[in-house]
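Encoded as structure tokens, the structure appears first; notes follow it.
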Amino acid sequence: LPTPEHFVKDVDGGIDQDIFDINEALGLDLFEGDIRLDGVQDRNS
Amino acid sequence: IIGENYRWPHTIPYVLEDSLEMNAKGVILNAFERYRLKTCIDFKPWTGEANFISVFKGSGCWSSIGNKRVGNQSLSIGENCDRIATIQHEFLHALGFWHEQSRSDRDDYVNIIWDRIQSGKENNFNIYDDQVSDTLNVPYDYTSVMHYSKTAFRNGTEPTIVTRIPDFMDVIGQRMDFSDSDLLKLNRLYNCSSSLSFMDSCNFELENVCGMIQGSGDSADWQRLSQVPSGPESDHSNMGQCAGAGFFMHFNSSAVSTGAMAVLESRTLYPKRGFQCLQFYLYNSGSGSDQLNIYIREYSAGSENGTVTLVEEIKDIPTGSWQLYHVPLKVANKFRVLFGGVRGAGASLGGLSIDDINLSETRCPHHIWRIRNFTQLMGSLDGALYSPPFYSPKGYAFQISLTLSNPTNAGIYFHLISGANDDQLEWPCPWQQATMTLLDQNPDIRQRMSNQRSVTTDPLLTDDDGSYFWDRPSKVGQEALFPNGTQFRRGKGRGTSAFITHERLKSRDFIKGDDVYILLTVEDISHLNTTAPQPVPTNGTPTTSTSTAPTPGLCVNFACENDGVCTVWNGKAECRCPSGDDWWYMGARCEKRGSTRDTIVITASSTAAVFAVMLVVTLLSVYCTRRRYRQKTGPSTAEVPVENEHVF
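Listed below in structure tokens is the structure:
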């Protein structure tokens, strides 16, 4: 059956975001994208 | 990561913090079930252990590598991170795994295109040498859930990772489930030899038929065959793709009279959790009234031959194709599963066949949506494919829609629909979690990489027009028709347009025999919304966390002091008291505090007190003895001659 596009809510907004995309969009600068180093959250190598 | 200090115990204590979204809590518990099925790693709610993983909704999805031994080790499942494979990925980090492409031999398998990487992000493509990271003798794995996808940290539209074997370009970055190599590495790292919930898998390829035996006292036998003239033409495991292989078990109902039965018994099985899910494929080429009965032979004290119980009668088995069935079991003692083929009335040219049996101590899906002739639907479907209507255990009617018109991705959505129980139900619908699983039909449940997404009904979620999103479909839904012409109303769907790419959908065993299965479970997760105080962690920082186990009614009027957690044990409410390395709470309600310092103080003071008492007793004894002696010798001195007298 045809479905009106507005009659569903896409929680991904039409984009298949990977973990590092999600973190990057939040402005996080985690080590290798999603690794928290000892006591330091916002640090890359 | 190399270093035993980074390892967790096989059962990892965890806390799901209040900050987590409800959907995330349910998905985390589902991810734990995948660990329990495929690895020896288990999870338990934290009860005061020195180190534990605290899952919370932070900014983004992240974890540390390995057990940092810091007491409360945080793992963030932020917004949009509530996907099962993302959670599996983050927990693999916590268990000690880096990303796959940071292996020392990475450059043998992928090319990193450095000038396509965003400036300043090059360090995300580091390599660790074999002094830091161990590959555990497992080959480089393009299919790892720990591998980046080709677009990672790109500055434009071109891929930053190019696989040396081009076929793997769209394979890297899967977020479906553990790959075989992920499991091999995890099981090697943690010396796993079994899992909590896996019991048996059988595709009948070996002549020992997985230790199954023919039943006694029945009127026919099951045969191990690779084809039957009247069907099936091939087994389900290989679908006839392997010459000389591909076996299944067949009950030839055409050779026996009506009412005859053939029983096939599994080997003896030993349950751990008390609930099981039996799944298998069934093919009917016999009479439409042939049926398959599932029995359990349960052994308990006093029943040497076991007690046989009928669990399910499978009737009206469609003819001409393999069909998936699930049977939930609830067995606590040693048992066997019995497959009883029964010859029905009417003409039969063939019989019943079974293949790809899996038994695990997991929950069965509530419903199965089988989509036949799937390949012709792909790309040609303009709109959505709707599932038949189903009911949740609470009574909510729902439907799933699958969208295939997008050239790249398939989408999936969960809709509430008007149903027979709507007057008795709570609206807007509170905290029902719908889990939709595209089944990877690999014959072995442990090797399946099924694609799963969950949606949870938040009763306070509003739509753009201000109405409640999960309100009664007859109020907020649109009119729709079932194929038979019955009118109903369908609520708005919630889900994703990026459920799976068409490329991945065509891979593995998602489509088998041109059939696709979507497994559906809708469960009430309201209990995850209750906040229970948790013990004070060892670092002394109090946290308030959500108990992952339902808080039963017995605990309502049973308060635990000092952040003790109420649990129900043997039908009684009990307090689990917090403890640390050198302190603990005790008593029926955790009202008393103890510590090793207290013990030392008690021991020292007891010793001192005993010494003081003994000293006083000794002094008194000496004093009394001397006094008595003096009294004795005083007045009679003149009468007794002094010679030959003993003196103390």
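These protein sequence lines are chains A and B, in that order. Under our numbering, the first residue of the first sequence carries the number 304, and numbering increases by one thereafter. Under our numbering, the first residue of the second sequence carries the number 3, and numbering increases by one thereafter. We put the CB at the ideal spot given by N, CA and C, even for glycine. Owing to the predicted nature of the structure, the values given are computational and were not obtained by experimental measurement.
Between the alpha carbons of residue i and residue j, how many angstroms are there, rounded?
i, j, result
"residue 18 of chain B", "residue 179 of chain B", "22 Å"
"residue 151 of chain B", "residue 501 of chain B", "16 Å"
"residue 78 of chain B", "residue 21 of chain B", "10 Å"
"residue 1 of chain B", "residue 210 of chain B", "With chain B covering 3 to 650 only, the question about residue 1 of chain B has no answer from this structure."
"residue 514 of chain B", "residue 504 of chain B", "15 Å"
"residue 88 of chain B", "residue 499 of chain B", "18 Å"
"residue 271 of chain B", "residue 217 of chain B", "16 Å"
"residue 195 of chain B", "residue 148 of chain B", "22 Å"
"residue 329 of chain A", "residue 316 of chain A", "16 Å"
"residue 649 of chain B", "residue 616 of chain B", "Residue confidence for residue 649 of chain B is low, a pLDDT of 42 falling below 50, so the modelled location carries little weight; the figure read from the coordinates is stated next. About 26 Å."
"residue 564 of chain B", "residue 576 of chain B", "14 Å"
"residue 53 of chain B", "residue 587 of chain B", "18 Å"
"residue 287 of chain B", "residue 231 of chain B", "9 Å"
"residue 453 of chain B", "residue 440 of chain B", "5 Å"
"residue 609 of chain B", "residue 603 of chain B", "10 Å"
8 Å is my cut-off, CB to CB: does residue i come that close to chain A?
i, result
"residue 65 of chain B", "yes"
"residue 5 of chain B", "no"
"residue 303 of chain B", "no"
"residue 500 of chain B", "yes"
"residue 468 of chain B", "no"
"residue 497 of chain B", "yes"
"residue 12 of chain B", "no"
"residue 19 of chain B", "no"
Residues of chain A with a CB under 7 Å from the CB of residue i: which are they?
i, result
"residue 165 of chain B", "Going along chain A, no residue has its Cβ under 7 Å from residue 165 of chain B, so there is no contact; the nearest lies around 16 Å."
"residue 494 of chain B", "310, 311 and 312"
"residue 88 of chain B", "322"
"residue 480 of chain B", "310"
"residue 61 of chain B", "329 and 331"
Please list the partners that residue i has in chain A, where partner means a Cβ-to-Cβ separation under 9 Å.
i, result
"residue 248 of chain B", "The premise fails here: residue 248 of chain B is roughly 36 Å from chain A at the closest Cβ pair, so nothing lies under 9 Å."
"residue 411 of chain B", "317 and 319"
"residue 452 of chain B", "Chain A residues near residue 452 of chain B: none, gap ~17 Å exceeds 9 Å."
Buried or exposed: residue i, going by 16 or more other Cβ atoms within 10 Å of its Cβ?
i, result
"residue 542 of chain B", "Any reading at residue 542 of chain B must be qualified, since the residue scores a pLDDT of 38, below 50, and its modelled position is unreliable; the value itself is stated next. So residue 542 of chain B counts as exposed."
"residue 10 of chain B", "buried"
"residue 1 of chain B", "With chain B running from 3 to 650 in the structure shown, residue 1 of chain B is simply not present."
"residue 334 of chain A", "buried"
"residue 86 of chain B", "buried"
"residue 64 of chain B", "buried"
"residue 12 of chain B", "exposed"
"residue 69 of chain B", "buried"
"residue 274 of chain B", "exposed"
"residue 116 of chain B", "exposed"
"residue 199 of chain B", "buried"
"residue 481 of chain B", "exposed"
"residue 276 of chain B", "exposed"
"residue 382 of chain B", "exposed"
"residue 578 of chain B", "buried"
"residue 624 of chain B", "exposed"
Going along chain A in order, which residues have a C-beta closer than 8 Å to the C-beta of residue i?
i, result
"residue 487 of chain B", "Simply none; closest approach about 13 Å."
Using a Cβ-based criterion (distance less than 7 Å to any ligand heavy atom), does residue i qualify as near the ligand SAH?
i, result
"residue 20 of chain B", "What this structure holds is no ligand at all, so the ligand SAH is not there to describe."
Task: Near-chain A residues of the stretch 145-179 of chain B (beta-carbon distance less than 9 Å), N- to C-terminal order - done: 150, 151, 153, 154, 155, 175 and 177
TODO: May I ask you to list, following chain order, the residues of the stretch 64-83 of chain B that have a beta carbon less than 9 Å from some beta carbon of chain A?
DONE: 64, 65, 66, 67, 70, 72, 76, 77, 78, 80, 81, 82 and 83
TODO: Compile a chain-ordered list of the residues in the stretch 91-107 of chain B whose CB is closer than 8 Å to at least one CB of chain A.
DONE: 91, 92, 95, 100, 101 and 104
Task: Positions along the stretch 411-443 of chain B whose CB lies within less than 9 Å of some CB in chain A - done: 411, 413, 415 and 417
TODO: Return the residues of the stretch 105-138 of chain B that lie within a Cβ-Cβ distance of less than 7 Å from chain A, sorted by chain order.
DONE: 125, 126 and 128
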